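Each protein sequence line maps, in turn, to chains A and B.
So the first sequence is residues 1 to 220, counted in UniProt numbering.
So the second sequence is residues 1 to 220, counted in UniProt numbering.
Number of protein chains: 2
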Amino acid sequence: MTEFTINERNRVKRGHKRACYDEETVYGILDSHFLCHVAYEVDGQPQIIPTSYWREGNRLYWHGASKSRMIREVTSGKEACVSVAHLDGLVLARSAFNTSANYRSVICYGRPELVTDTAEFDRQMELFFEQLAPGRWSQLRPITGQERKATALVVMEITDAAAKVRDGGPGDGDTEDVDWPVWSGHIPLTTQQRGPVGAPEGVRAALNHRLMPGHDWNNR
Amino acid sequence: MTEFTINERNRVKRGHKRACYDEETVYGILDSHFLCHVAYEVDGQPQIIPTSYWREGNRLYWHGASKSRMIREVTSGKEACVSVAHLDGLVLARSAFNTSANYRSVICYGRPELVTDTAEFDRQMELFFEQLAPGRWSQLRPITGQERKATALVVMEITDAAAKVRDGGPGDGDTEDVDWPVWSGHIPLTTQQRGPVGAPEGVRAALNHRLMPGHDWNNR
């Protein structure tokens, strides 16, 4: 099992028993979401932006408008930090102190760069769509040169990473709190896809198109 | 309607038509989640941590272990940035370029501080629990002095904030793409509470306790 090296930047200090550094866990969590938060710094001010992302190998990708401040700042040679977090449940212990949440979380570190090669840009955008809605890419109105120019693609080699995972019920079942007379347990939270809502205008002929892959939002 | 002042730090530049700066929208989004991301900077390295939070007035609160690196760094007098984001759906347009997501997002800026007053600590922890699971606080095994000491409470006055919201279907219905023969529309995503899972050990007498308030995860 390949593991990320543990160092000062990615070492999980609090709740270190919940930490994982193996690629399988890190990549598994990354591949089960598509909303990440990217943190970067501008003149001493931390900035965060939530954005969609995807992974290929040990690299994270995201995109944005070519003229966006985020794209400019994040590809200016500085270190960035990317977080992906699933909130999987509330853990209701018998005390406030032991009350917790279930989650799967990954933090990745690296130095993002712009992807400037057009063929690689197209390949990555298709890869993004294949993860989002398999089979859809080839059915879309093809991307134009102008759209390509207006879109910036960012790649970040994952230099350091750490995952942190909590699941299951409260941890106070083996403490003296166990007989405290209040219900205890956990409340799972899941993300659900609702039925698709068709656009009111335009061609309806393609309704038998394979819509969505039944993406497993809560995949473990 | 009270609005946050727009300045270089919080001004939404891309997709500015989706931006809102009014307190009602900002507070509404903050109050409909409890997972945030806090970004801060340590020696030029951006760090992010996902954590639970709550709001009172124009202040955000979160807590952590007194000895945690996040608590130490984030209360050392530096600026921080907090993000709260709901992913509400996928927007499948007829082109890759117009494909999008529905979301409700808030970014807040401020300078976090430690809350050191014990009465205020207790009041805030109760407020947190009232938002999480109304009525539960008074039924819990009371917090001890040692637990209070091990827990740090952070407050951040929201100096600047901006919300950004997208909803509805694809925006290409009034472009020449409208007749492109592919299904288009949006797929709503919602967060669901599943049935509670009781802890296997301990007192069961309190099962008729009002469990959870039916927190509206998808509240708009």
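Even for Gly, the Cβ is constructed at its ideal location relative to N, Cα and C.
These numbers come from a predicted model, not from an experiment.
Open item on the list: Quick check on this structure: which residue in A:Leu35, A:Ala119, A:Gln131 has the alpha carbon closest to the alpha carbon of Leu87 of chain B?
Closed with: A:Leu35
Open item on the list: Closest to Asn58 of chain B by C-alpha separation, out of B:His16, B:Asp160, B:Gly77, B:Ala96, would be which residue?
Closed with: B:Asp160
- [ ] List the residues of chain B whose Cβ lies closer than 8 Å to the Cβ of Tyr40 of chain A, in chain order.
- [x] The contacting residues are Pro46.
Task: Rounded C-alpha distance that separates residue 253 of chain B from Val165 of chain B - done: One cannot answer for residue 253 of chain B here, as it falls past the ends of chain B, which runs 1 to 220.
Open item on the list: Tell me which residues share the same chain as Glu113 of chain A and place their Cβ nearer than 8 Å to its Cβ, disregarding the 5 neighbours each side in the sequence.
Closed with: Thr75, Val154, Val155, Met156
- [ ] Using 10 angstroms around the beta-carbon of Asn7 of chain B, count the other beta-carbons present and answer buried if the total reaches 16, otherwise exposed.
- [x] Result: exposed.
TODO: May I have the straight-line CA-CA distance separating Gly15 of chain A from Gly64 of chain B, to the nearest angstrom?
DONE: 11 Å
TODO: Mind reading off the beta-carbon distance from Glu79 of chain A to Tyr109 of chain A? Whole number of angstroms is fine, and I expect it under 8 Å.
DONE: Indeed they touch by this definition, with Cβ atoms about 7 Å apart.
TODO: Identify which residue in B:Arg194, B:Pro188, B:Ala199 has its Cα closest to the Cα of residue 221 of chain A.
DONE: Absent from the model: residue 221 of chain A. The displayed extent of chain A is 1 to 220, so no value can be given.
Task: Helix, strand or coil at Thr151 of chain A according to DSSP, with G and I counted as helix - done: strand
Task: Outcome for Met1 of chain B when other beta-carbon atoms lying within 10 angstroms are tallied against a minimum of 16 - done: exposed
Task: Which residues DSSP lists as bridging Leu90 of chain A, in chain order - done: BP columns for Leu90 of chain A point to A:Ala101, A:Ile187.
Task: Own chain, CB closer than 6 Å to His37 of chain A, minus 5 neighbours either side, in chain order - done: Ile48, Pro50, Ser83
Open item on the list: Checking the sheet assignment: what are the DSSP bridge partners for Met156 of chain B?
Closed with: B:Leu60
Open item on the list: Can you tell me where the alpha helix (DSSP H) holding Tyr27 of chain B begins and where it ends?
Closed with: 23-31
- [ ] Sort A:Arg94, A:Phe128, A:Ser105 by Cα distance to Glu176 of chain A and report the nearest one.
- [x] A:Arg94
Open item on the list: I need the straight-line Cα distance from Asn10 of chain A to Val106 of chain A, nearest angstrom please.
Closed with: 10 Å
TODO: Label Ala119 of chain A either buried or exposed according to how many other C-beta atoms from any shown protein chain fall within 10 Å of its C-beta, with 16 as the threshold for buried.
DONE: exposed
Open item on the list: Going by the DSSP bridge assignment, what does Pro46 of chain B pair with across the sheet?
Closed with: B:Glu41
Open item on the list: I need the straight-line Cα distance from Ala96 of chain A to Arg18 of chain B, nearest angstrom please.
Closed with: 38 Å
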